[in-house]
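Asker: Residue numbers (numbering that gives the first Met the number 0), protein chains in the order written: chain A, 0 to 188; chain B, 0 to 188. All residues carry an ideal CB built from backbone N, CA and C; glycine is no exception.
2 protein chains.
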Amino acid sequence: MEKDYSYLNEERIDGVDIFDGKVVHLIRDSVRLPNGNVGIREVIRHVGAVCMIPVFENGDVLIERQFRYPHAKVLLEIPAGKLDSKGEDPLDAAKRELFEETGYVADSFTLLGELYTTPAFVDEVIWMYLVEGLHTVDDKQHLDEDEFLTVERIPLDTLCEMVMRGEIPDAKTQVAVLKAKRLMDERKK
Amino acid sequence: MEKDYSYLNEERIDGVDIFDGKVVHLIRDSVRLPNGNVGIREVIRHVGAVCMIPVFENGDVLIERQFRYPHAKVLLEIPAGKLDSKGEDPLDAAKRELFEETGYVADSFTLLGELYTTPAFVDEVIWMYLVEGLHTVDDKQHLDEDEFLTVERIPLDTLCEMVMRGEIPDAKTQVAVLKAKRLMDERKK
Chain A
0 MEKDYSYLNE ERIDGVDIFD GKVVHLIRDS VRLPNGNVGI REVIRHVGAV
50 CMIPVFENGD VLIERQFRYP HAKVLLEIPA GKLDSKGEDP LDAAKRELFE
100 ETGYVADSFT LLGELYTTPA FVDEVIWMYL VEGLHTVDDK QHLDEDEFLT
150 VERIPLDTLC EMVMRGEIPD AKTQVAVLKA KRLMDERKK
Chain B
0 MEKDYSYLNE ERIDGVDIFD GKVVHLIRDS VRLPNGNVGI REVIRHVGAV
50 CMIPVFENGD VLIERQFRYP HAKVLLEIPA GKLDSKGEDP LDAAKRELFE
100 ETGYVADSFT LLGELYTTPA FVDEVIWMYL VEGLHTVDDK QHLDEDEFLT
150 VERIPLDTLC EMVMRGEIPD AKTQVAVLKA KRLMDERKK
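(1) Please state if the CB of residue 43 of chain B and the CB of residue 29 of chain B are separated by a distance shorter than 8 Å.
(2) Does chain B have any CB closer than 8 Å to the CB of residue 174 of chain A?
(3) When you compare each of A:102, A:171, A:25 to residue 135 of chain A by their alpha carbons, which one comes out closest?
(4) Tell me which residue opens and which closes the alpha helix (DSSP H) that residue 148 of chain A is part of.
(5) Would residue 75 of chain B pass as a contact of residue 152 of chain B if the rule is Cβ separation under 8 Å?
(6) Determine the DSSP secondary structure at residue 173 of chain A, reduced to helix, strand or coil.
(7) Could you tell me whether the stretch 129 to 143 of chain A touches the stretch 91 to 110 of chain A, where touching means 3 or more Cβ pairs closer than 8 Å?
(8) Does residue 38 of chain A have its Cβ less than 8 Å from a Cβ in chain B?
(9) Sort out for me which residues DSSP pairs residue 190 of chain A with in a bridge.
(10) Residues of the stretch 0 to 19 of chain B with a CB closer than 7 Å to any CB of chain A: list them in chain order, please.
(11) Give the residues of chain B in contact with residue 120 of chain A, contact being defined as C-beta atoms less than 7 Å apart.
(12) Here's the rule: buried if 16 or more other CB atoms are within 10 angstroms of the residue's CB, otherwise exposed. What is residue 37 of chain B?
(13) Taking C-beta to C-beta, are residue 69 of chain B and residue 122 of chain A nearer than 8 Å?
(14) So, is residue 88 of chain B buried or exposed, given that buried needs 16 or more other C-beta atoms within 10 angstroms?
(15) Could you name the residues of chain A that residue 112 of chain B contacts, counting a contact when the two beta carbons are closer than 9 Å?
(16) Find the nearest neighbour of residue 208 of chain A within the set A:181, A:150, A:26, A:31, judged by alpha-carbon distance.
(17) Specify the secondary structure class of residue 71 of chain B as computed by DSSP and reduced to three states.
(18) Using a Cβ cut-off of 8 Å, pull out every chain A residue sitting near residue 30 of chain B, in sequence order please.
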């Protein structure tokens, strides 16, 4: 039976909206802490997102390079994107983002689990998929006018070594590469 | 030789401070996109953090349960904490957080790499350590008055199975468990 950890819970007292932008919706709530004190919680509300590791039969992975302004550098990341709205089916979003960013469609999407990127102050959930049975429709990207990223193929084994050497900082890419590698190694047994 | 991806870069034009809170420092910048258009980037500036997976000789991991207000639930997470200041040595922070949250000190801290939690809109970097040679000083937590978390021991192999089944959503915990497991399996070879 699940143990009861509800004695750790925090109860909302009240809150204010701080900022509602293009990506970031920031609120600040007062909460009742387990010891009865009042605490402050700053929270970024996010619509949610999907990411996916598309793997070809020969073990190559479709992967992207994208400039990430907060870190002021180009990062190696698996395809990903925001949900269109809070209630969107993550699988629909995954299919859309794969096609827009890479020009590929796929026969098989296996959910690898959810990812909470920053549970301390962001409520974002990323649904993560292993994508197989890839085939190209027109082999070109269908990006928004102001979206810039390149796509290339790198073997899963190479990506796994890069993750282990600390060469791929992006969290979702590290998780997806390590999970996909483990899953595919288990299948071979 | 590294390929040149600087054609993906975005250049800051100007920006405003939106909010400077307890955890969240939010700015909004105008940027010049690769196609010459102007884009908006909302960025959370964060001081940086450390996390660590403390593994005993028998394979048990010290792990925590903590209420995470953005997700309104108690999560299973490895020990972690913010840097005291932007320039703090992550190793010092790791030693401090381990002692405060678990009451343990350790002989060995191995850097497992950096983690960018949310490169789209947060600049947070988490330095991740494998911690071994654990010994307790007084076997009790030294938490801030308003900090609440419980500590327990779960075998690394169990945690790895939980991650693979999608039962541990926290991103840093997924990465640390999968990396530590892979590293320790490689050592046995």
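Answerer: Considering the structure as presented:
(1) In the second sequence, residue 29 of chain B corresponds to position 30, counting from 1. In the second sequence, residue 43 of chain B corresponds to position 44, counting from 1. Contact flag unset, no.
(2) Within the first sequence, numbered from 1, the residue matching residue 174 of chain A stands at position 175. Yes, contact with chain B.
(3) Within the first sequence, residue 135 of chain A is the residue found at index 136, counting from 1. Comparing Cα positions, the closest option is A:102.
(4) As a position in the first sequence, residue 148 of chain A is number 149, starting the count at 1. Neither: residue 148 of chain A is in no alpha helix (DSSP H) and is coded neither H nor E.
(5) The residue given as residue 75 of chain B occupies position 76 in the second sequence. The residue given as residue 152 of chain B occupies position 153 in the second sequence. Not a contact, by the Cβ cut-off of 8 Å.
(6) Counting from one through the first sequence, the residue named residue 173 of chain A turns up at place 174. In this structure, residue 173 of chain A counts as helix in the three-state DSSP scheme.
(7) yes
(8) By one-based count along the first sequence, residue 38 of chain A stands at place 39. Yes, its Cβ sits closer than 8 Å to a Cβ of chain B.
(9) Because chain A spans 0 through 188 in this model, residue 190 of chain A falls outside it and cannot be assessed.
(10) 4, 7, 8, 9, 17, 18
(11) For this step, residue 120 of chain A is matched to residue 121 along the first sequence. Within chain B, the residues near residue 120 of chain A are 22, 23, 69.
(12) Here residue 37 of chain B refers to the residue found at position 38 when the second sequence is read from its first residue. Exposed is the call here.
(13) Translated into the one-based positions of the second sequence, residue 69 of chain B becomes position 70. Translated into the one-based positions of the first sequence, residue 122 of chain A becomes position 123. In this structure, residue 122 of chain A lies closer than 8 Å to residue 69 of chain B by Cβ.
(14) Within the second sequence, the letter at position 89 stands for residue 88 of chain B. By the neighbour-count rule (16 or more Cβ atoms within 10 Å), residue 88 of chain B is not buried but exposed.
(15) Here residue 112 of chain B refers to the residue found at position 113 of the second sequence. In chain order: 162, 163, 164, 165, 166, 167, 168, 173.
(16) In the structure displayed, chain A extends from 0 to 188; residue 208 of chain A sits before or after that span and is not available.
(17) Counted from its first residue, the second sequence places residue 71 of chain B at position 72. Correct three-state label for residue 71 of chain B: coil.
(18) Within the second sequence, the letter at position 31 stands for residue 30 of chain B. 68, listed in chain order.
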